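Participant: Residues 410 to 984 (my numbering) make up the sequence shown, in order.
Here a beta-carbon is modelled for each residue, glycine too, at the ideal position from N, C-alpha and C.
None of the values given here were measured: they were computed from a predicted structure.
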Amino acid sequence: DLGSAVADFATACKEPYAEVDGDLEIPVGVEPGGDVANFILNDSADHCHCFIIGSTGSGKSSFLHSIAMGAMMKYSPQDIQFYIMDFKQGIEFGAHKDSKHVKALLINNQDLQITVEILRDLAREVNERSKLFTSTGNKQISTYNRANPENRKPHIVLMVDECQEMFKSTMDNSAMYREISTLIQTIAHQGRAYGIHLILATQTLANTEISSDILNDIKDRYLLQCAPSDAERLIEGASRTTSFLSVGQVYTKNFTEEKVFQSYFIKETEAIGLVKDIARKAGEVPGFKQFCFNGAQEFVLTQDMIDDISAERYNVASLGRSIDLSLSPVNIKLRKDDAENILFLGLDQDNVARTVMNALVSLVQTAKNNGRILKTYVLHFNEEGSYIPTLNRLQKDGLIEVVDNNRDASDLLVRLAGDVIAENVQPTLLVILGQQSMRILGRAIKQAQKEVTSNLGSDSMSFDDFNMSFSDDTEMKTYGDALEKIIECGPYLGLNTLLQVDRPKKVLLKEYVNQTYINTMFNHVVALQSDAGAATELGIDVKLDRLSADQSRLRAIYHNYAKDKSQTFTPFILK
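#1: How many Å lie between GLY802 and GLN976 at the Cα?
#2: Starting from the N-terminal side, write out each stretch of the beta strand (DSSP E) that is 3 residues or longer and does not extend beyond the segment 679-722.
#3: Check for me: the beta strand (DSSP E) holding LEU514 runs from which residue to which?
#4: I'd like the span of the alpha helix (DSSP H) that includes PRO836, first residue to last.
#5: Classify ASN969: buried if its beta carbon has 16 or more other beta carbons within 10 angstroms, exposed otherwise.
#6: If CYS457 and ARG561 are in contact, beta carbons under 8 Å, what's the gap, nearest whole angstrom?
#7: Alpha carbon to alpha carbon, how far is ILE516 from ALA944?
#8: With a Cβ-Cβ cutoff of 7 Å, do ALA768 and ALA720 count as a contact?
#9: Measuring CB to CB, does ASP733 end up less than 7 Å from GLU574?
#10: How would you write the range of the beta strand (DSSP E) that PRO980 sits in, first residue to last?
#11: Taking 7 Å as the threshold (C-beta atoms), are ARG962 and GLN706 in contact?
#12: In or out: GLN712 buried (at least 16 other Cβ within 10 Å) or exposed?
#13: What is the DSSP secondary structure of LEU521, reduced to helix, strand or coil?
#14: Out of curiosity, what's the CA-to-CA distance linking ASN547 and ARG538?
#15: Can you tell me where the beta strand (DSSP E) with PHE460 in it begins and where it stops?
#16: With distances taken from CA atoms, which of SER655, ALA826 and LEU632 is nearest ILE644?
#17: Which residues does DSSP pair with ALA965 in a beta bridge?
#18: Does the count of Cβ pairs from the segment 545-559 and the segment 601-616 closer than 8 Å reach three?
#19: Taking the DSSP output, what are the residues bridged to GLN658?
#20: According to DSSP, LEU609 sits in a beta bridge with which residue or residues?
#21: Distance check for PHE753 and PHE981, CA to CA, integer angstroms please.
#22: Return the chain-ordered list of same chain residues with a C-beta closer than 7 Å to the C-beta of LYS497, the five sequence neighbours on each side being excluded.
#23: Tell me which same chain residues have a C-beta within less than 8 Å of the C-beta of THR465, skipping the five on either side of it?
#24: I'd like to confirm something about GLN573: is its beta-carbon nearer than 6 Å to some heavy atom of the ligand COA, or not?
#25: Could you tell me whether the Cβ atoms of GLN490 and ILE565 are closer together than 7 Å?
#26: Suppose only complete runs of 4+ residues qualify. What are the alpha helix (DSSP H) ranges in the segment 421-452, listed by chain order?
#27: Between the Cα of GLY948 and the Cα atoms of GLU588, ALA936 and VAL445, which residue gives the shortest distance?
#28: Report yes if the CB atom of ALA636 is closer than 7 Å to the CB atom of ALA647, and no otherwise.
#29: Under a three-way DSSP split, which group does SER731 fall into?
#30: Thinking C-alpha only, which one of PHE664, PHE472 and SER819 is nearest ILE675?
#31: Roughly how far, in whole angstroms, is the beta-carbon of LEU904 from the beta-carbon of VAL834, given that I think they are within contact range, below 8 Å?
#32: Taking three-plus beta-carbon pairs below 8 Å as touching, is the segment 661-669 in contact with the segment 478-492?
#33: Quick check: the Cα distance between LYS784 and VAL684, rounded to an integer number of angstroms?
#34: I'd like to know whether the C-beta atoms of VAL429 and ASP488 end up nearer to each other than 7 Å.
#35: Determine the burial state of ALA941: buried for a count of at least 16 other Cβ atoms within 10 Å of its Cβ, exposed for fewer.
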């Protein structure tokens, strides 16, 4: 009587968690004789990983639910953790959001980078456990946990529905798909002894480029109704049995047995209730912060985050959160040192400006919290933009001075450049916001050059008339030279610059720039979606043209030239 499964599961939720000492036996169905059919996971070769296949309507998804919920009802979150990837857009596993048993939940496959990051996290866990177990003289999780009861390690289960989505080969993302395959192979081959398990499920193996090495490391196979060719690929001779299976019936064969059992069937309305029962049972058990990706990721820079970074010795620009399970803040410390400036670029000027604004807000707020004087100038000539209310608020609060006309901007550049040359600089932040600002400065510079050139040698006009009152040995003849002097030499003296452009070649209004020039001026580059050649001009090995510009899952790259390291992150949204 499959209807009794729900009652049995509900009863299990009222019982204490079972202890884990060896096999994990998870109730998933009924044997022909009426006994409970258990799904087994352990650290031996026969039950460490499994592959599940079942065509549409076969009961595959219900079987996966039985495995996940059966494990969560029976075992503590401290003994078993799930990483769940549901490539059916969250239809099946979205109810497990916020579950203490589920450390990572991917219920949308629109961003392949998220899949890669989840697998990287598991591969890191494999490596860390390998070192830990070796250092303590243990080869398997079962012996390690017995010897270290106060520092037990949970079994980790990566459950992937419609796993064929991970095994593709496309021109656009070929490198990522190769990495996914390599990471899965690492987990399959090395994870067994360390209590890290794979449960891969799909409707068919047709057009799925899963390697034979991965399949060879997955010994347990569970077959529901499926194509004969798929059945034969997984278990020789299996099609003779799978051709006659009813919905929900599962055929399995391993080293010790061959059998058919009926998996539990749980209605959607019943599943919701059972998930609540699982949550109640987990109650006071310590959990962990769940990473959940459902297609939209939006984060706001909060006062708590600003307070956390205010303890830093230097002023800090906080940009967003990392694209990994830690979701850690991506911060840049602006030191008093060579090239400590930030270059922001991207084709969507509003998206880039919003990212600059978050850096600006965090810099001025952390300086204020620490009682530091940070004179902040923002050159801004745009009349529209989602960030303007924030800009106005900062100006109203007296934290910044907005310069929004050509003459004042030119005077400011000359004055700051003069202070740099005289080595008389107080802590200062210069922000040039928006490509429009660079264009207007460019026109001002060209006009100044034209006027000075046409009057060269005339007593009626000199550089002093344009506030270019520098000594002859400074080699500064234009406002562009003044800006370059500020960016090149200012950081030594405590004057840092945030510069926004739409393309690398627009940096400092030069006719030609290359990676070396940019690297000399900026230790830090923040790039949102850009044209295909931007990464080459910057000298960084990333695909900037493939970054999402969608507001609900905006993506950016932070590259640190000094460390030669890139990091993908989600920029904060303005609030």
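Facilitator: In short:
#1: This sequence places Arg at residue 802; Gly is not what is there. When the Cα atoms are used, ARG802 and GLN976 turn out to be separated by approximately 30 Å.
#2: Uninterrupted beta strand (DSSP E) stretches at least 3 residues long and entirely within the segment 679-722 occur at 700-702, given in chain order.
#3: That run of the beta strand (DSSP E) goes 511-515.
#4: First-last for PRO836: undefined, no H or E at that position.
#5: Counting Cβ neighbours within 10 Å, ASN969 comes out exposed, since fewer than 16 surround it.
#6: Wrong, their Cβ atoms sit about 18 Å apart, outside the cutoff.
#7: Pairing ILE516 with ALA944, the inter-Cα distance amounts to about 31 Å.
#8: For ALA768 and ALA720, no; Cβs fall outside 7 Å.
#9: The answer is no: Cβ separation not under 7 Å.
#10: Here the beta strand (DSSP E) through PRO980 covers 974-980.
#11: Yes, Cβ-Cβ distance for GLN706 and ARG962 is below 7 Å.
#12: Note on GLN712: under 16 other CB atoms within 10 angstroms of its CB, so exposed under the neighbour-count rule.
#13: The answer is helix: DSSP assigns LEU521 an H, G or I state.
#14: Computed Cα separation, rounded: 10 Å.
#15: Run containing PHE460: 459-462, per the beta strand (DSSP E) assignment.
#16: For ILE644, the closest alpha carbon among the candidates SER655, ALA826 and LEU632 is that of LEU632.
#17: Residue pairing of ALA965 in beta bridges, as defined by DSSP: PHE978.
#18: The segment 545-559 is in contact with the segment 601-616.
#19: GLN671.
#20: DSSP links LEU609 through a beta bridge to PHE460 and VAL569.
#21: As the crow flies, the alpha-carbon of PHE981 is around 14 Å from that of PHE753.
#22: Closer than 7 Å at Cβ, skipping near neighbours: ASP570 and GLU571.
#23: Listed in chain order, the non-local C-beta contacts of THR465 below 8 Å within the same chain comprise GLN612, local neighbours out to five positions each way being set aside.
#24: Judged by which ligands are present, the structure shown has none, so any question about the ligand COA falls away.
#25: Yes.
#26: The qualifying runs do not exist here; there are none.
#27: Closest option to GLY948, judged by alpha-carbon separation, among GLU588, ALA936 and VAL445: ALA936.
#28: Contact: no.
#29: DSSP places SER731 in strand when its eight states are reduced to three.
#30: Ranked by Cα distance from ILE675, the first of PHE664, PHE472 and SER819 is PHE472.
#31: The beta carbons of LEU904 and VAL834 sit about 5 Å from each other, so the pair counts as a contact at 8 Å.
#32: Touching, no.
#33: Those two C-alpha atoms are separated by around 54 Å.
#34: Yes, Cβ-Cβ distance for VAL429 and ASP488 is below 7 Å.
#35: ALA941 should be labelled exposed.
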